[in-house]
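Note that the sequence shown covers residues -23 to -1, 1 to 743 in mature numbering (1 follows the signal peptide of the UniProt record, and there is no 0). Beta carbons are placed, not taken as given, at the ideal position from N, Cα and C, and that holds for glycine. What follows is one structure encoded as structure tokens, with my remarks underneath.
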Amino acid sequence: MQDLFRSVLAFALLIVAQTNLHAQNAILRGRVTTIDHEPLTGASVYVSPEIGTATDSVGFFELNPVPGNIILTVSFLGYKTFTQSLGIVAGQTVQVDIILQEEATILNTVTFTTGRFEKRLGSETVSIEVLKPSLINNSNKFQLDEALQKVPGLTVIDGQANIRGGSGFSYGAGSRVLLLMDDIPILQLDAGFPNWNDIPIENVGQIEVVKGAASSLYGSAAMNGVVNFRTAYATAEPETKLTLFTSTVDAPADARFKWWDNAPLTFGTSFSHKQKLGKLDLVSSVFYLNETSHNDSTFTKYGRVNLNTRYRLNKRLTLGVNLNLNGGNNSSFFFWKADSLKYSPFPGTVSKNQPLRFNIDPHLTYYDGSGNRHKLLSRYLKVENRVSNGRSNFSEQYYLEYQFQRNIRAIDLNVTAGAVYIGSDVEAELYGDTTFHSRNLATYIDFEKRFGTKLTVSAGFRYESNLINNPGFTYPGGVVGPSQEKEAKPVLRLGANYQIGDYSYLRASWGQGYRFPTIAEKFIFTSLGGFNISPNPDLQSETGWSTELGIKQGLKLGSLKGFLDLALFRTEYQDMMEFNFLGLLRGFSSINTGGVRITGLDASMVGEFALFGCPTVFTAGYLFIDPKFLDFDLRPQEPGVPPTPGQRNAIGSSSTENVLKYRSRHNYKFDIETQLKKFSLGFAGNYFSFQEAIDRTFEFIVPGIKTYREMNNHGVTLLDIRVAYRPIDNLKLSFLVNNVGNVEYVSRPGLMEAPRNFGLRVDWGW
């Protein structure tokens, strides 16, 4: 064992300590920038496979080439590769300043999330979607969960993201999709649930969505995928933007259900500014929203302040701190009063909340003399949710990550390794009005290796250790004794991408998934609308795997440029965690339901072309899933004998078919926008098929839900339209109509979605 440890240690030290051997009789130095004089950090600069480096934080590089005739090559993703022949004399110092030209087309989209370094979308070994700021702003999506509905293969049900049917509806606890903000997790740890209001969407640079198991990349909550919100940074020219927006809803298709005299009104504003001040990059914004919902007793009022800084201390060291403050108040209800009062709350289901959340994120990046990147990421997140009916909760979260990255150019290998600590303290009436402590430790290493010019292979390993200290508590239904919940697991991933032609890529991947139960899933107790939600201290973690075979085909035909992506996938979970009804006394509790399997097809297309000479952009997607329990038994339960897992799955489902709850088998979506001089016109559509199964208990608890589902047992098609006008270059006026057909629908039982609504938006930039 000691020999093995020494071998592993020696290998790790070799990677970290390796340095290029340079001839010392010539010096080649310079700076790499964009056409706007922006420094390009991390650009590859080399004169041979053995002699190369990466630019530092201000774009500088220095090499020691062998005297003679050389070819200098500089490359950076998203930019055209630069080459220049040079004659180098012994003892000579040569200065070369290089300006790279941008390749600003969809075919050259750059991503970051899967490897923690920038690479072309086509060369990814897993499925990944990229959502650009233009689509978000043009659609007037002022919250991230609304914007994500544009992503093929992804749906959001009552605030919970769901990729390829990996999740259903979990009552606000236990997300299988990890939300990152600037590469750091920002889920509320006690419930494992995102607060979309935290995300400064007015400062969006790019949103990347990784589909499939990503636990080896980012840990427990990434079992079904990752959503990474990346903030835009300052450019050479200062940029300021002011946005004003408002909207109101039309009466429902059946006007009898309208509860208001004056139509509910939503209004808000955002202001953002980006600027370089010498060595300092500054990004700041404020946001305010006042939203009155189409549902009675439901509103949201909050404000947010965001500040991101980055300071280049010298050529190698960059540091900064990001701040985010979000506070306000809101009210919502869990399910309707009756199917004849669909927009009004059932008594006892209204929750009022006064949240206050803020995070402070110090960060540091250092490039050593060998071009290795060292990164330190940290976050302090404080959450105060003052909720009515004894549901308040308070938590503090601490995050620290060290990351090392080396590009070994001689063998075309990129290595990323790191260690993570996440700790939290949680106090909540929901958990016995006592304090829980949780801790997550992880180490990881990822490799990406190119073989020749066509084949890329990636592999990753992560070791997770989780701990929850439960002090014990009493609740109306019993006693939960003190305990220390402790578990550690390794997770792996493998992937390959082969370029079979120009802009044509074949990929295959396999990755393990792992999710440790959240505090809420194990220890929550409360009552809602007349039924209880009870703790389950014996809840076990869920594991699984996901695999896919996909092809990404670049399209370049006349004015058309874009990508078509097709992927066949399969996901399996063992000991899947879901809330099930366990009787009148216990009510709902999170339990392990056994194994599940989800097989499907995910297709997407994104592109740009000229429509009768007018610039046009579009995105479209189709998702088919076949979600099943591995054990589903319709045989009656024998008297006095506990149900088997298969019987319990069948008893808990409203359907006699073996299908997972709260999933739509089919989902189509598209968005297209064309520009004609100063005008632009956009259309969007979204179809999702009927949810064949829900919790059977809902049909008895929620008034009228069974009748409603029987009368509306078909899919839903939603259409949106928007038109915009630019009277001057920096001013845009937009008019939007969502749900043009005024379709009545629900995304989960007992909660109506918005009828037709009209919006106005003003964007002014300078």
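Of the residues 66, 56 and 9, the one placed nearest residue 39, counting alpha carbons only: For the purposes of this step, residue 39 is taken as residue 62 along the sequence shown, with counting starting at 1. The candidate whose alpha carbon is nearest that of residue 39 is 9.
Quick one, which of 221, 361 and 725 has its alpha-carbon nearest residue 693's? As a position in the sequence shown, residue 693 is number 716, starting the count at 1. With distances taken between Cα atoms, residue 693 lies closest to 725.
Whole runs of the beta strand (DSSP E) within the segment 144 to 193, excluding any shorter than 3 residues: 154 to 158 and 181 to 188
Is it true that the segment 619 to 631 meets the segment 162 to 182, where meeting means three or more beta-carbon pairs spaced less than 8 Å apart? no
Do residue 29 and residue 16 have their C-beta atoms closer together than 8 Å? Position 52 of the sequence shown holds residue 29. Position 39 of the sequence shown holds residue 16. No; because the gap between Cβ atoms is not below 8 Å, this pair is not in contact.
Report buried or exposed for residue 738, applying the criterion of at least 16 other Cβ atoms within 10 angstroms of its Cβ. As a working note, residue 738 is residue 761 in the sequence shown. Answer is buried; the Cβ neighbour count reaches 16.
Please tell me whether residue 187 and residue 113 are closer than 8 Å, where the distance is taken between their beta carbons. Taking the first residue of the sequence shown as position 1, residue 187 is located at position 210. Taking the first residue of the sequence shown as position 1, residue 113 is located at position 136. Against a cut-off of 8 Å, the Cβ pair of residue 113 and residue 187 comes out as no contact.
DSSP-derived helix/strand/coil call for residue 624: Translated into the one-based positions of the sequence shown, residue 624 becomes position 647. Three-state DSSP puts residue 624 in a helix.
For residue 19, collect the residues of the same chain with a Cβ closer than 6 Å to its Cβ; drop the 5 residues on either side in sequence, then sort them by chain order. Translated into the one-based positions of the sequence shown, residue 19 becomes position 42. Excluding sequence neighbours, residue 19 sits near 31.
Counterpart residues of residue 219 in DSSP-defined beta bridges: Counting from one through the sequence shown, the residue named residue 219 turns up at place 242. In the DSSP output, where bridge partners are listed per residue, residue 219 has 248 and 741.
Is residue 539 near residue 216, with beta carbons less than 8 Å apart? Here residue 539 refers to the residue found at position 562 of the sequence shown. Here residue 216 refers to the residue found at position 239 of the sequence shown. No; because the gap between Cβ atoms is not below 8 Å, this pair is not in contact.
Among the residues of its own chain, which have a CB less than 7 Å from the CB of residue 369, if the five just before and after it don't count? The residue you call residue 369 lines up with position 392 of the sequence shown. Result list for residue 369: 362, 363, 405 and 406, in chain order.
In the DSSP assignment, what residue or residues form a beta bridge with residue 323? Taking the sequence shown and counting its residues from 1, the one referred to as residue 323 is at position 346. DSSP output for residue 323 lists no bridge partner at all.
Proximity below 8 Å, CB of residue 278 to CB of residue 267: The residue you call residue 278 lines up with position 301 of the sequence shown. The residue you call residue 267 lines up with position 290 of the sequence shown. In this structure, residue 267 lies closer than 8 Å to residue 278 by Cβ.
Which residue spans inside the segment 648 to 694 form an unbroken alpha helix (DSSP H) run of at least 4? 675 to 678 and 682 to 688
Same chain, Cβ closer than 6 Å to residue 262, five either side skipped, listed in chain order: In the sequence shown, the residue the question calls residue 262 occupies position 285. Around residue 262: 177, 179, 180, 249 and 283.
Beta-carbon contacts of residue 728 that lie in its chain and below 6 Å, excluding the five residues immediately before and after: As a working mapping, residue 728 is identified with position 751 in the sequence shown. Taken in chain order, the list of residues that qualify is empty.
Using CA coordinates, which residue listed in 524, 497, 527 and 528 is at the minimum distance from residue 516? Residue 516 sits at position 539 when you count from the first residue of the sequence shown. With distances taken between Cα atoms, residue 516 lies closest to 497.
How about residue 127 and residue 596: do their beta carbons lie closer than 8 Å? For the purposes of this step, residue 127 is identified with residue 150 of the sequence shown, where counting begins at 1. For the purposes of this step, residue 596 is identified with residue 619 of the sequence shown, where counting begins at 1. It is a contact, given that the beta carbons lie within the stated cut-off.
How would you call residue 612, buried or exposed, if buried means at least 16 neighbouring beta carbons within 10 angstroms? The sequence position of residue 612 within the sequence shown is 635, counting from 1. Classification for residue 612: exposed.
In the DSSP assignment, find the beta strand (DSSP E) that holds residue 3 and state where it starts and stops. Position 26 of the sequence shown, counted from the first residue, corresponds to residue 3. Run containing residue 3: none; DSSP gives neither H nor E here.
Residue 702 burial status per 10 Å Cβ neighbour count (16 or more: buried): Position 725 of the sequence shown holds residue 702. So residue 702 counts as exposed.
Going by beta-carbon coordinates alone, are residue 343 and residue 351 separated by less than 8 Å? Translated into the one-based positions of the sequence shown, residue 343 becomes position 366. Translated into the one-based positions of the sequence shown, residue 351 becomes position 374. Yes.
Would the segment 682 to 697 count as touching the segment 659 to 672 if we require 3 or more Cβ pairs under 8 Å? yes
Nearest neighbour of residue 5, chosen from 690, 72 and 732 [CA to CA]: Within the sequence shown, residue 5 is the residue found at index 28, counting from 1. The residue with the shortest Cα to Cα distance from residue 5 is 72.
What first and last residue would you give for the alpha helix (DSSP H) that runs through residue 800? This structure gives no information on residue 800, because the portion of the chain shown stretches from -23 to 743.
With the cut-off set at 8 Å, would you say residue 637 and residue 601 are in Cβ contact? As a working mapping, residue 637 is identified with position 660 in the sequence shown. As a working mapping, residue 601 is identified with position 624 in the sequence shown. No, they are not a contact pair.
Over the uninterrupted beta strand (DSSP E) stretch that includes residue 123, give me the two end residues. Along the sequence shown, one-based indexing puts residue 123 at 146. Residue 123 -> not in any beta strand (DSSP E); alpha helix (DSSP H) instead, spanning 121 to 125.
Three-state secondary structure assigned by DSSP to residue 110: The residue you call residue 110 lines up with position 133 of the sequence shown. Helix, per DSSP.
To the nearest angstrom, how far is it from the Cα of residue 476 to the Cα of residue 232? Position 499 of the sequence shown, counting from 1, holds the residue named residue 476. Position 255 of the sequence shown, counting from 1, holds the residue named residue 232. The straight-line gap from Cα to Cα measures roughly 56 Å.
Once you ignore the five residues that flank residue 459 on each side, which residues in its own chain have a CB closer than 8 Å to its CB? Here residue 459 refers to the residue found at position 482 when the sequence shown is read from its first residue. Same-chain partners within the cutoff: 447, 448 and 449.
DSSP on residue 388, reduced to helix/strand/coil? By 1-based counting over the sequence shown, the position of residue 388 is 411. Three-state result, residue 388: helix.
Does the count of Cβ pairs from the segment 550 to 569 and the segment 228 to 246 closer than 8 Å reach three? no
Meets three-Cβ-pair contact criterion under 8 Å: the segment 389 to 399 and the segment 410 to 426: yes
Delimiting residues of the beta strand (DSSP E) encompassing residue 730: What you label residue 730 is simply residue 753 of the sequence shown in a count that begins at 1. Here residue 730 belongs to no beta strand (DSSP E), and DSSP marks it neither H nor E.
Starting from the C-beta of residue 740, find all residues in its chain whose C-beta is less than 6 Å away, skip the five residues before and the five after it, and write them out in chain order. On the sequence shown, position 763 is the one that residue 740 refers to. Contacts found: 220 and 709.
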